Ligand code: PGA
């Protein structure tokens with residue numbers, strides 16, 4: 030299977046022109062890699078414009094969020110159905126920055142189910158705020174997954190990707206990046222949780238790591254923490270650095 034590398038641009042950059050330039054540069058590099066599926070998730074307002082620049086399947090667009098109802102009186106929201114109708118294939122759901130704004134496990138679950146219905150690939154983010162000695166964070170992550178995937182059918186699992194993003198390792202205020210072992214431990218936990226929920230069918234779900242990924246550590250995360258890809262924040266806004274991350278992924282032999 031191809032490595033899945035997703036760039037989460039968050040609320041950057043502030044000008045369409047910059048977004049177009051960054052996307053063009055990323056697309057150019059990504060287009061040369063056959064072992065990597067690249068997904069760029071720009072601010073929602075740029076999606077239609079950047080969509081005009083896409084050609085082929087190696088570099089596609091995703092959304093950082095969306096609402097689960099098809100349409101209705103939800104001022105300021107954009108629905109999964111609308112995104113699907115313009116050809117957006119990926120959606121990030123339950124990012125910790127959205128959870129911090131009040132998104133509950135129940136709402137995350139509704140978005141997961143709606144994304145599946147729209148035939149999109151749902152990138153579900155999970156991760157603990159901090160680690161404790163007693164391993165409570167492991168139970169927390171497991172519960173997040175169980176709540177988010179409640180009601181998902183086995184045949185729909187190929188539309189799910191889980192991104193492990195420890196909150197303490199995300200963004201420029203991160204305490205410190207997660208170690209390879211931190212990521213590996215949780216990849217194994219996620220696999221076990223999925224096996225408990227779905228038996229061997231759970232293994233079809235791709236697992237990503239995210240949190241302070243850069244051009245230096247990407248290769249090690251991909252090689253040593255049993256992940257199928259990466260969710261990249263800051264480093265995805267610099268086409269050169271993001272290109273280096275894609276190149277690391279390209280060099281690793283496809284698995285599965
Ligand atoms: P970061 O963000 O790579 O800037 O730490 C990752 C994310 O929030 O998805």
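In the numbering used here, the protein residues as written are 30 to 285. Using N, Cα and C, we set each Cβ at its ideal position, and we do this for glycine too. Keep in mind the model is a prediction, meaning the values are calculated, not measured.
Taking 7 Å as the cut-off, the beta carbon of residue 82 is found no closer than this to the beta carbon of residue 90. In the same chain as residue 53, and ignoring 5 residues on each side of it, the C-beta atoms closer than 7 Å to its own belong to 82, in chain order. Rounded to whole angstroms, the Cβ separation of residue 215 and residue 177 is 15 Å, and the two are not in contact under 8 Å. Excluding five sequence positions before and after residue 185, the CB atoms of its chain that fall closer than 7 Å to its own CB belong to 145, given in chain order. No residue range can be given for residue 254, since it is assigned to no alpha helix (DSSP H) and is classified by DSSP as neither H nor E. A contact is defined here as three or more CB-CB pairs under 8 Å, and the stretch 261–281 fails this definition with respect to the stretch 215–226. Not one heavy atom of ligand 1 falls within 6 Å of the beta-carbon of residue 94. With respect to residue 256, residue 237 sits close: the two C-beta atoms are nearer than 7 Å.
Residue 187 and residue 86 have their C-alpha atoms spaced approximately 18 Å apart.
In the three-state DSSP reduction, residue 86 falls in the coil class, being neither helix nor strand. The stretch 228–242 and the stretch 196–211 touch, with three or more beta-carbon pairs separated by less than 8 Å.
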